[in-house]
Every structure is written in C-alpha cells, then in structure tokens.
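The numbering of the sequence shown is our numbering, which starts it at 1490 and goes up by one. By construction, the Cβ of each residue, glycine as well, lies at the ideal position given by its N, Cα and C atoms.
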Amino acid sequence: MSTTPPPALDLPPGVTPDPDEFVQAAMAWHFHPDTGTPFWLNRASSLEFDPRADIKSFEDLRLFPNVTDELRDVPVEMLIPRGFGPRPDIVGVIESGGTTGAPKRIPLLREFATRLAASESSVLGKANTPKDKGWLTLFPSGPHGAFEQMKRAAADYGNGIAVFGVDLDPRWVKKQTVAGNTAVVDAYVDHIIDQAAYVLKDQNVAVLRVTAPLLARLVRRDDLVGLIRDKVSHIIWGGAHMDADSRYFYRTDVFPGVHLSGRYGTTMALGAGGSERPDFGHDDVCIFDPTVSPHVTFSVVDPATGEKVPYGQRGQLVVNHLSMSFLLPNNAERDLATRIEPVADQVGDSVADIEPFAEFSGTQVVEGVY
C-alpha cells in the first residue's frame, strides 16, 4: 500500500466528504501496517472486531473501547501514524490537565494543527472579528497547547496579528484548590489579572480570549471593565464551563457592545471541539457545533447504557477524533451535555449546557481556572 493518504481523509478544510467513506478511509490509514498508528496496530489484536472490515460508519465507532486511560503511559511515538514517515512534522506534544489522574500526552502534527487553525479562522470571519488589532489570551501554554494553537489561528486569520499571552498553570491551581488553599489561589489569580491589565492598558487589543473563571475575576475590576468596553470588540471564552446566568449578565449588563462567544475544546481531540452557534438571543441556550467535523464529532449518550439520549435530553458527552494525524474514537468525556439537533450537512450531534461531572473515574473533578 502507498503511504499516500486516502483522498477522503485528506480533503481541504471546509470540504465535507461522504461520512461513511471518511470513516472507512480513517480505518484504512490507521490500521494498515504501512501507514498505521503503532498503538492501534498493537491494540487491534485485542479488539473483538476487525476495524478495516467491520467499521463502515460513524455509528460503528461505538464498537471501540474507550482507551483514553491507556494513553497515560504510552510513548508519544506510538501515537504517530507510520504514514508520516521517519520525520513527522510534530508542532507540539499536548498534555491533558491531569484532572482525573496522571496526564495523558498526545502528539500534535502539522497536518491537524493547520486544519484546526483554518476552521477557527472561518468562525472568526463569520463573526466579523477584526484582523488589524491584537489578541490578549489568558490560557495555558507549555504542555497544554492552547496558547500556541491560538497563535496559529491568529496567523491564519490575519497576517501580522500580535498575540499577547498571560500564562497559567492549571494543575497547580487545582492542587491548591483541592488542598483548600483559597488564599493562595486568589493571590495567583490576582497575579494573572495584573499581568492582563498591563496589556489592556498599553496595547492595541481587540480580541480577548479568556477562560470563564478568569473572565469572572476580570469584571470585578471597574478599570478593566472600562478598558475592555473601550478596546475589545470580541471576547472568546472557553476552557471551563460558563453558567447561563453569567453569560446573560456579561452580554446585557457588563459588555453590551462586545461580541461574546464560547468555544468548547478537549485535549483528547487535539484541542478541537465546538464553537458557539451564532445569531441567538442573549437568553438562548449556548449551543456548540463541531468546528472540525467530520474529523471531530460529538454524541450524547446515557452513561449507563451507552445509547444516545433523545434530542433535548442530557447525557454524557462522547467525542470521536478521526484524522490523518490521530485516532481516538468513542472517547467518553468527563462532561455532561444536552443533545441538540445538528445543522445541515453536519456529522454528529451539536451540544449545549456543557458542564463537568462532579466525580469522574472515582476522582473529584476540579476545574480551577481552566
């Protein structure tokens, strides 16, 4: 077999392949000895089915076991498809937050990083986000990958956009939160906000990308609220969930002239996820449509049975990632969500009202600042 990827798996961003053809192409790529992913080639012998013969559609992906926890101690090179050759273009190694145990590490290859940046760029364009002013991002960098991916999106969206960053250490915050060190967490958050204040005061910033907990702290300072109203035209929140009352309050009372939109991303989909469906009222539910479909898709299931819940009902969020770069099907996330009917030509569900389980895999879930 040639190491040339199947056409359905390598279409340009924005082009949607036939869903069944796409799934079969992903199985052919990741499970062929010449192009496959070593982890999955090794794992195939323990599966109760043949992925290349039996996985024909997105519905069939539920046959896969959830192997996410197995990735905690897998060497990164075992997760890179052989089809990328001896020198794959790795732009980073992304680590999970370690909320439910030891962090998981997955490689981000140039192929998917470029695809993800292009999808975000498309969403920004539809929101008329300015291309000639800077971004301020209050997100983790380092092993978490959020800041670097935002820089790639900014570069794709508008050449020359300056991206200012304030780094976070979400694991340290969670550790202090669990230990009950409230004063330490508060001092650390104040430190982050102080750094953001310098950028807001001195730089030409039009886009603020911020986690929901840090946005809640920003609005405690009247001087920063005034600066954001004067300078910022688009606030993009994510990283942790935002309740409906807070979202309404920001949109109507605090930042009435600023476009506020959300993003949902998950490390185990290489940072991909969903963007908030536009053109809804301030008090409408926040719906997330997948932004890199069909490479990353959602479903919402009953955690006890694994069956999809009816539209409008809540259940556990399941995410599938199928790309040239990475394969992780049937990943049951630590989040609850409401199942929403998809938009036209979309593969998989849309979701709303995402919030974490209080406990997952026997571990208390702490969001912290991210």
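Could you tell me the boundaries of the beta strand (DSSP E) in which residue 1787 lies?
As a first step, residue 1787 is located in the sequence shown; it is residue number 298 there, counting from the start. Looking at the DSSP string, the run of the beta strand (DSSP E) that includes residue 1787 is 1785-1790.
Measuring CB to CB, does residue 1746 end up less than 8 Å from residue 1754?
Against the sequence shown, residue 1746 aligns to sequence position 257. Against the sequence shown, residue 1754 aligns to sequence position 265. Contact flag unset, no.
Which class does residue 1811 belong to by DSSP, given the choice of helix, strand or coil?
Sequence index remark: in the sequence shown, residue 1811 carries index 322 (1-based). Three-state result, residue 1811: strand.
When burial is assigned at 16 or more other CB atoms within 10 Å of the CB, is residue 1513 buried or exposed?
Here residue 1513 is taken as the residue at index 24 of the sequence shown, counted from 1. With 16 or more other Cβ atoms within 10 Å, it is buried.
Shortest alpha-carbon distance to residue 1680 belongs to which of 1617, 1549, 1703 and 1498?
Here residue 1680 refers to the residue found at position 191 when the sequence shown is read from its first residue. Out of 1617, 1549, 1703 and 1498, 1703 has the C-alpha closest to the C-alpha of residue 1680.
Could you give the residue range of the beta strand (DSSP E) that holds residue 1497?
Taking the sequence shown and counting its residues from 1, the one referred to as residue 1497 is at position 8. It is not in any beta strand (DSSP E) - residue 1497 carries neither H nor E in the DSSP assignment.
Entirely within the stretch 1684-1764 and at least 4 residues each: give me those alpha helix (DSSP H) ranges in chain order.
1701-1707, 1711-1720 and 1733-1738
Report yes if the CB atom of residue 1837 is closer than 8 Å to the CB atom of residue 1787, and no otherwise.
Within the sequence shown, residue 1837 is the residue found at index 348, counting from 1. Within the sequence shown, residue 1787 is the residue found at index 298, counting from 1. Cβ atoms of residue 1837 and residue 1787: closer than 8 Å.
Range covered by the alpha helix (DSSP H) that runs through residue 1637:
The sequence position of residue 1637 within the sequence shown is 148, counting from 1. Segment 1635-1646, the alpha helix (DSSP H) holding residue 1637.
Residue 1693, buried or exposed, once every other Cβ within 10 Å from all chains shown has been counted against 16:
Mapped onto the sequence shown, residue 1693 falls at position 204. Burial call: exposed.
Quick one: Cα of residue 1860 to Cα of residue 1556, how far?
Residue numbering for the chain in the displayed model covers 1490 to 1859; residue 1860 lies beyond these limits and cannot be assessed.
For residue 1720, tell me which candidate among 1728, 1795, 1691 and 1701 has the shortest Cα-Cα distance.
Counted from its first residue, the sequence shown places residue 1720 at position 231. Considering only alpha carbons, the answer is 1691.
Between residue 1546 and the rest of its own chain, which residues show a CB-CB distance below 8 Å, the 5 nearest in sequence each way excluded?
The sequence position of residue 1546 within the sequence shown is 57, counting from 1. Same-chain partners within the cutoff: 1508, 1509 and 1512.
Taking the straight line between their C-alpha atoms, what separation do you get for residue 1490 and residue 1735?
Looking up residue 1490 in the sequence shown gives position 1. Looking up residue 1735 in the sequence shown gives position 246. Only weak support exists for where residue 1490 lies, its pLDDT of 47 falling under 50; the coordinates are left without a value.
With H, G and I counted as helix, E and B as strand and the rest as coil, what does DSSP make of residue 1550?
Residue numbering aside, residue 1550 sits at position 61 when the sequence shown is read from its first letter. In the structure shown, residue 1550 sits in a helix (DSSP, three-state: H, G or I).
Identify, in the order they occur along the chain, each residue of the same chain with its Cβ nearer than 8 Å to the Cβ of residue 1832, setting aside the five sequence neighbours on each side.
Mapped onto the sequence shown, residue 1832 falls at position 343. These residues qualify, in order along the chain: 1766, 1778 and 1839.
Quick check on residue 1682: does DSSP put it in helix, strand or coil?
Along the sequence shown, read from residue 1 onward, the residue named residue 1682 stands at position 193. Reduced to three states, the DSSP call for residue 1682 is helix.
Ignore the nearest five residues each way along the sequence and tell me which others in residue 1622's own chain have a CB closer than 6 Å to its CB.
Here residue 1622 is taken as the residue at index 133 of the sequence shown, counted from 1. Taken in chain order, the residues that qualify are 1693 and 1695.
Do residue 1806 and residue 1843 have their beta-carbon atoms positioned less than 8 Å apart in this structure?
If you number the sequence shown from 1, residue 1843 lands on position 354. If you number the sequence shown from 1, residue 1806 lands on position 317. In this structure, residue 1806 lies closer than 8 Å to residue 1843 by Cβ.
Check residue 1610 in the structure and name its three-state DSSP category.
As a working mapping, residue 1610 is identified with position 121 in the sequence shown. Helix, per DSSP.
On the three-state DSSP scale, how would you describe residue 1531?
Walking along the sequence shown from the start, residue 1531 turns up at place 42. In the structure shown, residue 1531 sits in a helix (DSSP, three-state: H, G or I).
With distances taken from CA atoms, which of 1811, 1802 and 1758 is nearest residue 1634?
Numbered from its first residue, the sequence shown carries residue 1634 at position 145. Minimum Cα distance to residue 1634 is reached at 1758.
Would you mind giving the Cβ-Cβ distance between residue 1731 and residue 1494, rounded to the nearest angstrom? I have them listed as a contact below 8 Å.
Here the question's residue 1731 lines up with position 242 in the sequence shown. Here the question's residue 1494 lines up with position 5 in the sequence shown. About 38 Å separates the two Cβ atoms, so there is no contact after all.
Residue 1594, DSSP secondary structure in three states
As a position in the sequence shown, residue 1594 is number 105, starting the count at 1. Here residue 1594 sits in strand by DSSP.
Going by DSSP, name the residue or residues bridged to residue 1779.
The residue given as residue 1779 occupies position 290 in the sequence shown. Answer by DSSP bridge pairing, in chain order: 1763.
Per the DSSP calculation, residue 1626 is bridged to which residue(s)?
Taking the first residue of the sequence shown as 1, we reach residue 1626 at position 137. 1654 and 1698.
Thinking just about the alpha-carbon of each residue, which of 1582, 1559, 1793 and 1737 is nearest to the one in residue 1630?
What you label residue 1630 is simply residue 141 of the sequence shown in a count that begins at 1. If we check each option's Cα against that of residue 1630, 1582 comes out closest.
Apart from the five residues on each side of it in sequence, which residues of its chain come closer than 7 Å, Cβ to Cβ, to residue 1800?
Within the sequence shown, the letter at position 311 stands for residue 1800. Answer for residue 1800: 1828, 1829 and 1830, listed in chain order.
Could you name the residues of the same chain whose beta carbon sits closer than 6 Å to that of residue 1594, not counting the 5 residues immediately before and after it, in chain order?
In the sequence shown, the residue the question calls residue 1594 occupies position 105. Here the set comprises 1565, 1582 and 1584.
Quick check: the Cα distance between residue 1803 and residue 1628, rounded to an integer number of angstroms?
Residue 1803 sits at position 314 when you count from the first residue of the sequence shown. Residue 1628 sits at position 139 when you count from the first residue of the sequence shown. If you take the alpha carbons of residue 1803 and residue 1628, they lie about 28 Å apart.
Distance, Cα to Cα, residue 1815 vs residue 1714?
Working through the sequence shown from its first residue, we reach residue 1815 at position 326. Working through the sequence shown from its first residue, we reach residue 1714 at position 225. If I take the Cα positions, the gap works out to 41 Å.
When you compare each of 1676, 1725, 1615 and 1669 to residue 1700 by their alpha carbons, which one comes out closest?
What you label residue 1700 is simply residue 211 of the sequence shown in a count that begins at 1. Here the closest residue by C-alpha is 1725.
Could you pull the DSSP bridge partners for residue 1816 from this structure?
Numbered from 1 along the sequence shown, position 327 holds the residue referred to as residue 1816. For residue 1816, which the question treats as bridged, DSSP gives the partners 1811.
Checking 8 Å against the spacing of the C-beta atoms, do residue 1674 and residue 1662 come in under that value?
Mapped onto the sequence shown, residue 1674 falls at position 185. Mapped onto the sequence shown, residue 1662 falls at position 173. Yes, Cβ-Cβ distance for residue 1674 and residue 1662 is below 8 Å.
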